[in-house]
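Visitor: This is the structure I have questions about; it appears just below.
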Amino acid sequence: MNHQRKSVLALLPFIALAFQLVLTTQANGDQPQVVEWKLLKAKSEGRFAPEAQLPRGDDRVKVQLWANPLFEELRNQDLLIVFDGCGRDPETAGRPIENLDELLLDPDASPKYVRDWTAPSPRWLVCPKPDVILLKAGGTANLTIYVDFLRAVSQNLNPKVKGLVYGIPNELRGKADTALRLADRVKGGQPMGEVVIDLFYRLDEQILRWRSGNWADIFGKGLPSDTAEGQGVENYDELKGSLPVIPTAYKRTLPLPGLFQDDQGRMLAQTISIVQQTGSGRAGEVICHFDDEHARQQRIEAETPISPKAPSFNLSGIFSTKWTTDHSLHPAWGFKAEAWTNEGGSWRMLGWGWVQSNGTWSIYVSPDSGWGGTNLRMLYRSYNQYYAPQDRDGHTYSWKGPDRASIATDHYEGHWFADTDGGAYNGVGELVDAAMTMWSRLYWSGGINPVPSGGAYKLYYPNTWENCSGTSPWSCANIDGEIWLIPDHGTQARVVTHELAHQLNNKFWNKKRPAGSGGSHSLDGCYPTRLGMALREGFANFLPGWIGYQARNVADGGFAGGRWGLSYDLESRISPPTCSNGYENEVWVARTFWDLHDIHADGDDILHFVHMGAVIAIYLNHGITNDGDARDMRDYESIYQSYATTGHEGFISDIFEQNRM
Numbered sequence: 116m117n118h119q120r121k122s123v124l125a126l127l128p129f130i131a132l133a134f135q136l137v138l139t140t141q142a143n144g145d146q147p148q149v150v151e152w153k154l155l156k157a158k159s160e161g162r163f164a165p166e167a168q169l170p171r172g173d174d175r176v177k178v179q180l181w182a183n184p185l186f187e188e189l190r191n192q193d194l195l196i197v198f199d200g201c202g203r204d205p206e207t208a209g210r211p212i213e214n215l216d217e218l219l220l221d222p223d224a225s226p227k228y229v230r231d232w233t234a235p236s237p238r239w240l241v242c243p244k245p246d247v248i249l250l251k252a253g254g255t256a257n258l259t260i261y262v263d264f265l266r267a268v269s270q271n272l273n274p275k276v277k278g279l280v281y282g283i284p285n286e287l288r289g290k291a292d293t294a295l296r297l298a299d300r301v302k303g304g305q306p307m308g309e310v311v312i313d314l315f316y317r318l319d320e321q322i323l324r325w326r327s328g329n330w331a332d333i334f335g336k337g338l339p340s341d342t343a344e345g346q347g348v349e350n351y352d353e354l355k356g357s358l359p360v361i362p363t364a365y366k367r368t369l370p371l372p373g374l375f376q377d378d379q380g381r382m383l384a385q386t387i388s389i390v391q392q393t394g395s396g397r398a399g400e401v402i403c404h405f406d407d408e409h410a411r412q413q414r415i416e417a418e419t420p421i422s423p424k425a426p427s428f429n430l431s432g433i434f435s436t437k438w439t440t441d442h443s444l445h446p447a448w449g450f451k452a453e454a455w456t457n458e459g460g461s462w463r464m465l466g467w468g469w470v471q472s473n474g475t476w477s478i479y480v481s482p483d484s485g486w487g488g489t490n491l492r493m494l495y496r497s498y499n500q501y502y503a504p505q506d507r508d509g510h511t512y513s514w515k516g517p518d519r520a521s522i523a524t525d526h527y528e529g530h531w532f533a534d535t536d537g538g539a540y541n542g543v544g545e546l547v548d549a550a551m552t553m554w555s556r557l558y559w560s561g562g563i564n565p566v567p568s569g570g571a572y573k574l575y576y577p578n579t580w581e582n583c584s585g586t587s588p589w590s591c592a593n594i595d596g597e598i599w600l601i602p603d604h605g606t607q608a609r610v611v612t613h614e615l616a617h618q619l620n621n622k623f624w625n626k627k628r629p630a631g632s633g634g635s636h637s638l639d640g641c642y643p644t645r646l647g648m649a650l651r652e653g654f655a656n657f658l659p660g661w662i663g664y665q666a667r668n669v670a671d672g673g674f675a676g677g678r679w680g681l682s683y684d685l686e687s688r689i690s691p692p693t694c695s696n697g698y699e700n701e702v703w704v705a706r707t708f709w710d711l712h713d714i715h716a717d718g719d720d721i722l723h724f725v726h727m728g729a730v731i732a733i734y735l736n737h738g739i740t741n742d743g744d745a746r747d748m749r750d751y752e753s754i755y756q757s758y759a760t761t762g763h764e765g766f767i768s769d770i771f772e773q774n775r776m
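Taking the working numbering, the leading residue of the sequence shown gets 116, the next gets one more, and so forth.
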């Protein structure tokens, strides 16, 4: 099932409330939801006082919850939902700096922070009552959400509250009479999933009023692709004295992929050849191998666009996005900058260039364009050949700069940014960054070209209509290159890359799925009759770890926080799930992939494959012959042994045994 650790989302006409239970969906993106809900009471507008008003708050939302009767495992299963107190506006991670231009020219330079700047206080607080809910099998539970606006701003907001969902073991049923006592007993175990309740508001500081709505009502609808229109951008230079920046983000040197179209598997085949030569290594051995060796070779062989002999215009600039998860400025890595003109009376594109990992872009316009330089409008696109974020109507997310006149031969556009925090298209900045980072790292570190042959993967964000076989919107993917992401999941790198990992699997296995794929499941579930599901989900769980933790050396508990934080531990050998057979559970499968990859020695895991992309490439290269063929993680023990250095076969077996295979 191609659904990421779940969440049940729902967006209503007056208040967009997403209740998400993080469990994965099936290979067709067609999974029943674990928890259903309905709105009992909500207002569409009201007044707010810019100060703490709890316990009353400025708005109050009431919701009824119940276990999805279509999820067979839950028909006799009590659930415990544990909220970690009130949800809070994320802290501002960055600080304003005075010398961003210097950092771009010299990454070794130190940032000079603006003095006497104080981080803005939180804008909102969201508190669920009760904060621990015992959901009896076959029953319902009511939840009240108190929303408090703490600061007067004219911005669009996405308040949310999160909790963990646990299954109550049979031995505890009836032995603890309160939800709080049950919570004390189950905390620390592997949860079934994560619950997120998303709300969307627009505040007006002039009249101290709020308005609620769905995501599109508050943050805007997409626009038709390949036109000269988009949302407005903001000028960095005018706001740099107060605009928080993440300096390390502008020092990144992630390269653009060397190929921008499908290569019919040629790159994977060459990587497999390199993996056969480099084999495996033991803990402590020095790796004398360039992980991007294959990608460098491929870039040389790739067709290179012909540069104009004497370009009449050289356009350049910087483009950034302000993220909603840290309220700070980041390079718009993975966006495309396009130069447009209406010289002659109709809009046409003159050329385009990539926004690099440090936010800079450049475009060369040839004399053959016939452009006289009298008019220019820059467009910034969130879509490309690999991924295309879009709404239900297929409209995409773009921003436009100010119209310019009398363009010089060497034109510097300046530094502009899209406010994907309190402005339009909330979360798109994080979404694009995660997808582009995956593309770059698969290409350069993995030696794998993920670009599909049939056009870019459609990332429907935010998903407000596809129920993935439940009755409320959800995050999932199908085998036809479509991905649906609810609002909260679109900002989470692990979820975006998990769903793209399913598409990677689909591409190289020619959309064939092993027996037992699909069906409802959870992170802690054991599924002896659905081993194909455990295999595919385990691979998709491994990929975010591979992308986000490039050092390959993570100790137990090291996957929890930060941009690439996971909701499960890829390194732990003692934590739940407590399945006797690891191949029946997606977390244990993911741990097996990770142990084959990492250089961290733990227990009987003292081996790793030398090439960074070896574990992924071997898996993708050994798919099934026919749709529905039997395949589970046990089958890969002998496959990985065949690629290991001679004498290391037993170490492969040790890894599989350690992970209960």
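Glycine included, C-beta positions come from ideal geometry on N, C-alpha and C.
1. So is residue 145 buried or exposed if we call it buried at 16+ other beta carbons inside 10 Å?
2. Grab the span of the alpha helix (DSSP H) containing residue 197 for me, first residue to last.
3. Following the continuous beta strand (DSSP E) through residue 181, name the residue where it begins and the one where it ends.
4. With residue 505 as the anchor, note down where its alpha helix (DSSP H) starts and where it stops.
5. With residue 656 as the anchor, note down where its beta strand (DSSP E) starts and where it stops.
6. Does the region 224 to 240 come within contact of the region 180 to 197, defined as at least 3 CB pairs closer than 8 Å?
7. Which whole-angstrom value is the C-beta distance of residue 630 and residue 744, which I expect to be below 8 Å?
8. Would you kindly work out how many angstroms separate the C-alpha atoms of residue 505 and residue 642, rounded to a whole number?
9. In terms of residues, what are the limits of the beta strand (DSSP E) holding residue 299?
10. Is residue 226 buried or exposed, if buried means 16 or more other CB atoms sit within 10 Å of its CB?
11. For residue 742 versus residue 627, is the C-beta distance shorter than 8 Å?
12. Bridge partners of residue 707, per DSSP?
13. Run through DSSP, which three-state label would residue 382 get?
14. Should residue 156 be labelled buried (16 or more other beta-carbon atoms within 10 Å of its own) or exposed?
15. Measuring CA to CA, which of 527, 693, 712 is closest to residue 669?
16. Any idea which residues DSSP pairs residue 526 with across the strands?
17. Between which two residues does the beta strand (DSSP E) harbouring residue 722 extend?
18. Of all the options 518, 533, 680, 709, which has the alpha carbon lying nearest to the alpha carbon of residue 657?
19. Between which two residues does the alpha helix (DSSP H) carrying residue 602 extend?
20. Could you check what DSSP says for residue 306 in three-state terms: helix, strand or coil?
21. DSSP state of residue 263, grouped into three classes?
22. In the DSSP assignment, find the beta strand (DSSP E) that holds residue 467 and state where it starts and stops.
23. Would you kindly work out how many angstroms separate the C-alpha atoms of residue 297 and residue 281, rounded to a whole number?
24. Answer yes or no: do residue 733 and residue 698 have a C-beta to C-beta separation smaller than 8 Å?
25. Could you name the residues of the same chain whose beta carbon sits closer than 6 Å to that of residue 483, not counting the 5 residues immediately before and after it, in chain order?
26. Where does residue 420 land, buried or exposed, given buried means 16+ other C-beta within 10 angstroms?
27. According to DSSP, what are the bridge partners of residue 278?
28. Would you be able to state if there are at least three C-beta pairs under 8 Å between the region 583 to 598 and the region 521 to 536?
29. May I ask you to report which of helix, strand or coil DSSP gives residue 218?
30. From 534, 517, 468, pick the residue whose C-alpha is nearest to that of residue 354; which is it?
31. With 16 as the cutoff for other CB atoms within 10 Å, does residue 305 come out buried or exposed?
32. For residue 693, does the count of other Cβ atoms within 10 angstroms reach 16, so buried, or fall short, so exposed?
33. Here's a check: name, in chain order, each residue in its chain whose Cβ is nearer than 8 Å to the Cβ of residue 370, leaving out the five neighbours to either side.
34. By alpha-carbon positions, which one of 601, 639, 667 ends up nearest to residue 314?
35. With a floor of 4 residues, list each alpha helix (DSSP H) that falls wholly inside the region 321 to 351, ordered by position along the chain.
36. Identify, in the order they occur along the chain, each residue of the same chain with its Cβ nearer than 7 Å to the Cβ of residue 763, setting aside the five sequence neighbours on each side.
Guide: According to the structure shown:
1. Caution is warranted here: a pLDDT of 37 is assigned to residue 145, below 50, making its placement in the model unreliable, and no coordinate value can be reported.
2. If you look at residue 197, you'll find it isn't in any alpha helix (DSSP H); it sits in the beta strand (DSSP E) that goes 194 to 198.
3. Start and end: 174 to 182.
4. Note, residue 505: premise wrong, no alpha helix (DSSP H); beta strand (DSSP E) at 502 to 505.
5. Per DSSP, residue 656 belongs to no beta strand (DSSP E); it is in the alpha helix (DSSP H), 646 to 663.
6. The region 224 to 240 is not in contact with the region 180 to 197.
7. Indeed, because the Cβ distance is near 6 Å, the residues count as touching under 8 Å.
8. For residue 505 and residue 642, the distance between alpha carbons rounds to 35 Å.
9. Boundaries for residue 299: no beta strand (DSSP E) harbours it, while the alpha helix (DSSP H) harbouring it runs 294 to 301, taken from the DSSP string.
10. Taking all protein chains shown into account, residue 226 has 16 or more neighbouring C-beta atoms within 10 Å of its C-beta and is therefore buried.
11. The answer is yes: Cβ separation under 8 Å.
12. Answer is none; residue 707 lacks a bridge partner.
13. Reduced to three states, the DSSP call for residue 382 is helix.
14. Label assigned to residue 156: exposed.
15. Ranked by Cα distance from residue 669, the options 527, 693, 712 are led by 712.
16. Residue pairing by DSSP places residue 526 opposite 430 in a beta bridge.
17. Where residue 722 is concerned, the enclosing beta strand (DSSP E) stretches over 722 to 724.
18. Comparing Cα-Cα distances from residue 657 to each of 518, 533, 680, 709, the minimum goes to 709.
19. Under the DSSP assignment, residue 602 falls in the alpha helix (DSSP H) whose first and last residues are 602 to 605.
20. DSSP places residue 306 in coil when its eight states are reduced to three.
21. In the displayed model, residue 263 falls within a strand according to three-state DSSP.
22. Its beta strand (DSSP E) spans residues 463 to 469.
23. Near 10 Å, if we compare the C-alpha coordinates of residue 281 and residue 297.
24. Contact check for residue 733 against residue 698 fails: the beta carbons are separated by 8 Å or more.
25. Answer for residue 483: no residue qualifies.
26. Low confidence applies to residue 420: its pLDDT is 41, below 50, so where it sits in the model is not reliable, and the reading given next is rough at best. The residue in question, residue 420, is exposed, as its Cβ has fewer than 16 Cβ neighbours within 10 Å.
27. DSSP output for residue 278 lists 198, 310 as bridge partner(s).
28. With the cut-off at 8 Å, the region 521 to 536 and the region 583 to 598 do not touch.
29. If DSSP states are grouped into helix, strand and coil, residue 218 belongs with the helices.
30. For residue 354, the nearest C-alpha among the options comes from 534.
31. With 16 or more other Cβ atoms within 10 Å, it is buried.
32. Exposed.
33. The beta carbon of residue 370 lies closer than 8 Å to those of 472, 555, 559 in the same chain, with the five residues before and after it left out.
34. Checking every option, the nearest Cα to that of residue 314 belongs to 601.
35. Counting only unbroken stretches of 4 or more residues, the alpha helix (DSSP H) elements lying wholly within the region 321 to 351 are 330 to 334, in sequence order.
36. Closer than 7 Å at Cβ, skipping near neighbours: 395, 722.
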